[in-house]
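Respectively, the protein sequence lines represent chains V and Y. If you're matching positions, the first sequence starts at 1 in the UniProt record's numbering and goes up one per residue. If you're matching positions, the second sequence starts at 1 in the UniProt record's numbering and goes up one per residue. Glycine is no exception: its CB is placed at the ideal position from the N, C-alpha and C atoms.
There are 2 protein chains.
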Amino acid sequence: MTATAPATTATGAGPSPLGWSLAALLREWSAEVTAACVDVPHGGRGYEVLSAVTREAPPTQAALAARLGIDRTVMTYLLDELVGCDLVERRPDPADRRARRIAVTDHGRAVLADLDARVRAAEDRLLAGLEPAERDALRHLLARAATGAAPHDDRCAVVARVVEP
Amino acid sequence: MTATAPATTATGAGPSPLGWSLAALLREWSAEVTAACVDVPHGGRGYEVLSAVTREAPPTQAALAARLGIDRTVMTYLLDELVGCDLVERRPDPADRRARRIAVTDHGRAVLADLDARVRAAEDRLLAGLEPAERDALRHLLARAATGAAPHDDRCAVVARVVEP
DNA sequence: GGGAGATCGTCTGCTGGACAGACGATATCA
DNA sequence: TGATATCGTCTGTCCAGCAGACGATCTCCC
């Protein structure tokens, strides 16, 4: 019923299994969230797009894709479906007619609120082994670590500038 | 140069972006480790297999695959290559002639020690934004969270029993 | 103003990996 | 002994992801 963390002390020198922990936890997270988002196109990934669009308002579709680590060609048909379900919409960018600004619809906002609650519940289940204070600590440390990790892509900096005011 | 964590406070109710943090961090980890393991078959994944085999001695190939979240058919040719490079070897299990016990070779152990050092360095680079104490805290919390997360696969329990002396 | 080069979003193939299914060999249990 | 399950392997299929090209547009420099 319970997985065991790799025995890092067996050989002494082994790095505490950061990769394994991240992969295992993300795997579980993905399963939980996919189950919670069955009615959203592309499941958990669709939720993440919807969430990013709503909370960050990335300037371009490419910036959105870069932030989520999704290929831009994938983002195209992924958004196609979200648009088809009236969750987001593509608006022409008045400043750049090549670009499209992705905006949430009212319906999308409502759906996201519902999904947020479900995802939050799923995450609490996922972290059931930790005390509430530890969960918060983990979330914060993770966010900071991920934020500090070099993203290899300067377009993220654009997002940062837009989001931060 | 620096990514920004999604603005969770923008709408107030958004769950702190656990999924995004995990995905982003794992993405970076993967890139770093892949770069550090260019000379190992299948890169970072080969490293994880080698590491798991060495430190956990999973009873069967299937258990190893389950633990790492790899399909058993994939594990076959993945091990094929590791065997071909004399990093691990398949030994017939005396207790079950269907099964094969995967064991590190001396060469594999030496290679792993070298890789561990490189991976450790890569991880330190990855977590450069955190204080040393925070890094340890993150590692421990992650390991505990991943360990506590239900693995949906009872074969992991077998591993647990075998590993825990 | 006009041309060169870069960028945005889209579309088209291709390819590698993931997965289902079947198989022989073996273990387990009735 | 026979029925059923498991282990590792192999085969075939399928799909997500990636490279590349494209028209439209922006930006910069001449």
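- Spatial neighbours of V111 of chain V in its own chain (CB-CB distance under 7 Å, excluding positions within 5 residues in sequence) are listed in chain order as L87.
- With contacts defined by Cβ atoms closer than 9 Å, L78 of chain Y and H42 of chain Y form a contacting pair.
- Against chain V, a Cβ distance below 7 Å from R27 of chain Y picks out G69.
- Boundaries of the beta strand (DSSP E) around E89 of chain V: V88 to D93.
- As summarised for the stretch 92–122 of chain Y, the continuous beta strand (DSSP E) elements at least 3 residues long and confined to that stretch are 96–104, given in chain order.
- For L141 of chain Y, the chain V residues whose Cβ falls inside 8 Å of its Cβ are L130, E134, A137, L138 and L141, in order along the chain.
- Any Cβ of chain Y closer than 9 Å to the Cβ of L18 of chain V would place that residue at the interface, and such an atom is present.
- Judged by DSSP in its simplified three-state form, H42 of chain Y adopts coil rather than helix or strand.
- Considered as a whole, the stretch 26–86 of chain V harbours 43–56, 61–68 and 72–84 as its complete alpha helix (DSSP H) runs of no fewer than 4 residues, in chain order.
- Annotation for V33 of chain V: G44, Y47, V119 and A122 place their beta carbon closer than 7 Å to its own, counting only its chain and skipping 5 residues before and after.
- Going by C-alpha positions, L82 of chain Y is about 15 Å away from R100 of chain Y.
- Scanning chain Y for C-beta atoms nearer than 7 Å to the C-beta of R144 of chain V yields G129 and L130, reported in chain order.
- With a beta-carbon spacing of about 6 Å, A52 of chain Y and L68 of chain Y fall inside the 8 Å limit used to define contacts.
- Here P132 of chain Y carries a helix assignment [DSSP, helix/strand/coil].
- The Cβ neighbour count for P58 of chain V, taken over all protein chains shown within 10 Å, is at least 16; the residue is labelled buried.
- With its beta carbon at least 9 Å from every one in chain V, T60 of chain Y lies outside the interface.
- Of V:A145, V:G148, V:L115 and V:L126, the smallest CA-CA separation from V40 of chain V is found for V:L115.
- Counting the other Cβ atoms within 10 Å of the Cβ of G84 of chain Y gives fewer than 16, which makes it exposed.
- Exclusion of the five residues before and after P92 of chain Y leaves R100 as the residues of its chain whose Cβ lies within less than 7 Å of its Cβ.
- Residue burial is scored here from C-beta neighbours: T76 of chain V has fewer than 16 other C-beta atoms within 10 angstroms and is therefore classed as exposed.
- Burial is judged here by how many other beta carbons sit within 10 angstroms of a residue's own beta carbon; A128 of chain Y has fewer than 16 and is exposed.
- The three-state reading of DSSP puts L127 of chain Y in coil, since its state is none of H, G, I, E or B.
- For the options Y:A143, Y:L141, Y:A62 and Y:E28, the alpha carbon positioned closest to that of I102 of chain Y is the one of Y:A62.
- One Cα belongs to W29 of chain Y, the other to D124 of chain Y, and the distance between them is close to 10 Å.
- Rounded to the nearest angstrom, the gap between the Cα atoms of P94 of chain Y and A113 of chain Y is 29 Å.
- For G148 of chain V, the nearest CB of chain Y lies under 9 Å from its own CB, placing it at the interface with that chain.
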